[in-house]
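Protein chains in written order, with my numbering: chain A, 244 to 448; chain B, 244 to 448; chain C, 244 to 448; chain D, 244 to 448.
In this text, a Cβ means the ideal position worked out from N, Cα and C, and glycines have one as well.
The structure displayed is predicted, hence computed values, not measured ones.
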DNA sequence: CATGAATGAGGCTTCATTCAT
DNA sequence: GATGAATGAAGCCTCATTCAT
């Protein structure tokens, strides 16, 4: 990824591409639309990105990186009893995405690219490492609670972590599908069940 | 009379399109590939489907319809105590999709179409009704157990249903992303937690 | 022109083709439209006509033949003084076409085919012989009057005939272009001038 | 700045399209042929014209505009007695078209488009205004002569104008149909008759 | 560096024609 | 003979990419 002179311009283009890809999808998006959205000439994009595909991947990397950082920061700031920490993490993830639900279309495009893009492997790798990171954060949270004796150790922390991540993902998907859907409320109700299943002390008791 | 219309031809084309779209994705898929996969002429596709878009939507409808039927059948055949019924349903869904994991790429194309296709609304409608159906099946299962006193009524059946469905979805996604991922095992571990959280009697006790 | 068994069906198809070609033009007309207009199967057309081109040419031949016959009949029935005969012929031609002005679109298609069709020569030949026939009829009318001493012989009957034919043609064109245009009145006014120019006694004197 | 837009390119394409449409006709003409004739890439045409249809219409507009201008100029330069002015106008029109008789095929395509093109109305409008302009020029010429007492006022100038225009049109058509046909001689003979009919003093007397 | 005019590969789709029934 | 399902050649047009300015 040869970065050219003006890093601002690169970033502008990335931002513009993000909006355009989110709105139209990868294949239907036109390079000219990205150029116009970034207020640059069509040729300028190619000064910063080798191709449409490359641009899309760069958007993907950027977005995943930011999402990962945001979660890592949130996780690092967690405190209080186990159930509360889990609730906070869950709420934070759900809420941050609810605040930019229109970006979910973009996530779908990323998944699609992971399935069928000529460079699907790059997409796959990033997605996998993202999942791995998230799984580790959640898994560590549970294991720490198990080690600390806050919850019994009988459950497989890894599995629960994987499943919870999936649940968040999917609740956001349903929210995106149906604006009426109460993703936050549903996630809280469900987290209560899961936490009880894990043997955690209820939050308010 | 002319060459009698082969009543299977529409279905053959649909099958072929399913394979091609799954393999290449909607936009990169070529009509000629579908034609060749179906062993028909390029023009023949247009005897049965107005356009590429229409063909894709038909594949979507067919697939969602079949998936819905399969789950409805499975749900109708459930018996035994609550925890077992849930486990059976979960296992059935996970296993049936694991058996055709390559079709998951297609599901992602459907999501992508739902986000950005010109006829996204049609996709959205089908997806929503599919989710609604599944939510009802799972929700009814839980409520029946609550009514029967098998589990306490304190939890919101609807929320748990929504979340569980999402979890299955997302576990399969992870399995598709990483062939090493044990979706079935993870789902079982997680279901144990959830069932305990719901207050259900353990399966083997 | 291999005529097949059922001459009625051939005629039906010809009629249908005439309507369709007049309405849509040669290139935009679809064989299926002709088939439907003739209430026959698409393949049936090919039992009677080798190709679309051939069908179009057959329509052309038919139409030119009928037009030629009609004019010949009219001409044969002319009587009275020269000016009256000319007026009658002129009126008859103008009126018969005004009665089927929508067919004028078809004439334009014929001209177009004469210019650019792969078999333009066949079209050209028919058109030329049609013009020749008409020129002879009108020319003979004038020459007969010259011979009979009804008008002076100083003018070139052939030239006047050619020009008059063109005038009728073009007045009908203007009528087709603009439904307000009074082709009959214009032709009468003009014929008066021409007849006076030829030295004919006025019709009403 | 990018490669500077060649201001002639639009015109070059128009010229090329003119040749190709004249030679092959609208429907059989291929965009690639136009591109090659203009020595540009296929896509370049679409930088200047939205579609094949649009290109064709542009050719039409251009041609009608030029023809109109040419006639207006000729008309403005007319002098001498009435009969001479009419003769000059007639000769000028006939001769200018005889000099580019191959363009007559294009005129026929325009007529055809006026009859059957999806945008026939645009064609119709242009044709009508062209006819109106020409009718006014010729009509004014006659009326001026009537006003000046050069010819009696008994004839309808408008009608004669309409008919004469049609006659020129149709004589050129016959010339195009048959290269042997002497359009100029015929038009002169006929003009003599018409002028005599109008009561004009003979040219050479 | 930035630009946008020019390009042409390639896709979707149409439709005249064929031919099995 | 009549039919219409099947076909594939061929065309219009799009749009990512290039490169002269």
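Proximal residues of chain A, C-beta to C-beta of residue 370 of chain B below 7 Å = 420
Where the alpha helix (DSSP H) through residue 446 of chain B begins and ends
Per DSSP, residue 446 of chain B belongs to no alpha helix (DSSP H) and is neither H nor E.
Give the range of the alpha helix (DSSP H) segment to which residue 264 of chain B is assigned.
-> 252-267
field: Interface residues of chain B facing residue 398 of chain A [CB-CB closer than 8 Å]
entry: 432, 435 and 436
Margin query: Starting from residue 306 of chain C, trace the alpha helix (DSSP H) in both directions and tell me its first and last residue.
Written below: 295-319
Notebook entry, point to check: Which residues, in chain order, does the segment 354-381 of chain D contribute to contact with chain C at a C-beta distance below 8 Å?
Noted result: 354, 355, 357, 358, 359, 360, 367, 370, 371 and 374
By alpha-carbon positions, which one of B/324, B/417 and B/278 ends up nearest to residue 264 of chain B?
Looking only at B/324, B/417 and B/278, the smallest Cα-Cα distance to residue 264 of chain B is reached by B/278.
Taking buried to mean at least 16 other C-beta atoms within 10 Å of its own C-beta, is residue 448 of chain C buried or exposed? Because the pLDDT at residue 448 of chain C is just 48, under 50, the model does not fix this residue reliably, and the point stays unresolved.
Q) What number of angstroms, rounded off, separates the C-alpha of residue 347 of chain C from the C-alpha of residue 360 of chain D? A) 15 Å
Inset, instruction - Determine the chain C residues that contact residue 473 of chain D at a beta-carbon separation under 9 Å, and present them in chain order. - result: Past the edges of chain D, shown from 244 to 448, lies residue 473 of chain D, and the structure says nothing about it.
- Query: What's the C-alpha gap between residue 457 of chain D and residue 256 of chain C?
  - Reply: Lying before the first or after the last residue shown, residue 457 of chain D is absent from chain D, which here runs from 244 to 448.
Can you give me the C-alpha to C-alpha distance between residue 318 of chain C and residue 275 of chain C, rounded to a whole angstrom? When rounded, the distance between both Cα atoms is 40 Å.
Requested in this report: For chain B, find out if any of its Cβ atoms is closer than 7 Å to the Cβ of residue 232 of chain A; answer yes or no.
Outcome: Because chain A is modelled from 244 through 448, residue 232 of chain A falls outside the range shown and cannot be assessed.
Helix, strand or coil for residue 370 of chain D, going by three-state DSSP, please let me know.
helix
Taking only beta-carbon atoms, is residue 352 of chain D less than 7 Å away from chain C? yes
**Q.** the segment 380-391 of chain D in contact with the segment 381-389 of chain C per 3-pair CB rule at 8 Å
**A.** Touching, no.
Counting only beta-carbon separations shorter than 7 Å, does residue 310 of chain C have a partner in chain D?
no
Does DSSP put residue 215 of chain D in a helix, in a strand, or in coil? For residue 215 of chain D there is no data in the structure shown, the boundaries of chain D being 244 and 448.
| Who are the Cβ neighbours of residue 307 of chain C in its own chain at under 7 Å, not counting the five residues just before and after it? | 369 and 373
*Give the interface partners of residue 403 of chain C over in chain D, defined as CB-CB distance under 8 Å, in chain order.*
432, 433 and 436
Given a limit of 9 Å on CB to CB distance, which residues of the segment 326-349 of chain C reach chain D? 347, 348 and 349
Exercise for the section: Anything in chain C within Cβ reach of residue 440 of chain D, meaning under 8 Å, just list it in chain order. Expected result: Near residue 440 of chain D (Cβ distances below 8 Å), the residues of chain C are 435, 436, 437, 438, 439, 440 and 441.
Whole-number beta carbon distance between residue 338 of chain D and residue 409 of chain C, since they are thought to touch under 8 Å | Actually they do not touch by this definition, with Cβ atoms about 17 Å apart.
Looking only at its chain, what residues have a beta carbon closer than 7 Å to the beta carbon of residue 313 of chain D, apart from the 5 residues adjacent to it on each side? Answer for residue 313 of chain D: 339, listed in chain order.
List, in order along the chain, the chain D residues whose C-beta lies closer than 7 Å to that of residue 295 of chain C? The contacting residues do not exist; residue 295 of chain C stays about 12 Å from chain D at best.
| Out of curiosity, what's the CA-to-CA distance linking residue 429 of chain A and residue 298 of chain D? | 59 Å
Review point. Considering only C-alpha positions, which residue in the set C/363, C/391 and C/341 is nearest to residue 423 of chain C?
Key: C/341
Under 7 Å between beta-carbons, which chain A residues line up against residue 268 of chain B? List them in chain order, please. 355, 358 and 359
Quiz item: By how many angstroms is the C-alpha of residue 400 of chain C removed from the C-alpha of residue 335 of chain D?
Solution: 24 Å
### Task
Could you spell out the range, first to last residue, of the alpha helix (DSSP H) harbouring residue 325 of chain C?
325-341
Sort C/421, C/392, C/363 and C/357 by Cα distance to residue 366 of chain D and report the nearest one. C/421
ask   = Where does residue 425 of chain D sit, in a helix, a strand or coil, going by DSSP?
value = In this structure, residue 425 of chain D counts as coil in the three-state DSSP scheme.
query: Is there at least one Cβ from chain B nearer than 7 Å to residue 323 of chain A's Cβ?
result: no
- Alpha-carbon to alpha-carbon, residue 288 of chain A and residue 438 of chain B: 53 Å
### Query
Within 10 angstroms of its Cβ, does residue 433 of chain A collect 16 or more other Cβ (buried), or is it exposed?
With 16 or more Cβ atoms within 10 Å of its Cβ, residue 433 of chain A is classed as buried.
Distance between beta carbons of residue 259 of chain A and residue 351 of chain B, contact taken as under 8 Å: At roughly 25 Å, the Cβ-Cβ gap does not stay under 8 Å, so residue 351 of chain B and residue 259 of chain A are not in contact.
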